[in-house]
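Start counting the sequence shown at 1; every next residue gets the next number (our numbering).
To start, the structure itself, in structure tokens.
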Amino acid sequence: MLSFEEAKKIGIDACIKKLGISFVKQYSDSFCTAYGWGEKDNTVFCFAGVDDNPEEITDTEELILTGNHNFPYRVSCNVNIINNSITYVECIVPIYSS
């Protein structure tokens, strides 16, 4: 049986791999997010999202990334803590990613 932290790592890694590691690294300093959240029905929900065309942000604006941010490229999955299986919920990936 996986701990929450172990399942979170597996799920985030799977989401990033599905998006394409080099694609995520390209935007990792500014326009991507990844997280694992909650434990429900023996699963942990994980998400990774990348925005490759962000709007310009000025010093006077606040950037708030919430669950409502519509990342154009995103992958989410549930990791089962009992049997380590991954079920993808949503996969919108760049054409060239694997």
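C-beta: ideal position from N, C-alpha, C; glycine also.
Computed from a predicted structure; not experimentally measured.
*Whole angstroms is fine: what's the gap from W37's alpha carbon to E5's?*
Translated into positions along the sequence shown, residue 37 becomes position 37. Translated into positions along the sequence shown, residue 5 becomes position 5. Straight-line spacing of the CA atoms in W37 and E5 works out to 10 Å.
*Decide if K18 is buried, meaning its Cβ has at least 16 other Cβ atoms within 10 Å, or exposed.*
The count along the sequence shown starts at 1 and reaches residue 18 at position 18. Taking all protein chains in view, the Cβ of K18 is crowded by 16 or more other Cβ atoms within 10 Å, so the residue is classified as buried.
*Where Y27 sits in the DSSP three-state scheme*: Within the sequence shown, numbered from 1, the residue matching residue 27 stands at position 27. Helix.
*Take the Cβ of I16 as the centre, count every other Cβ of all protein chains shown within 10 Å, and call the residue buried at 16 or more, exposed below.*
Translated into the one-based positions of the sequence shown, residue 16 becomes position 16. Answer is buried; the Cβ neighbour count reaches 16.
_Residues that DSSP places opposite I92 in a beta bridge_ = Numbered from 1 along the sequence shown, position 92 holds the residue referred to as residue 92. I92 pairs with R74.
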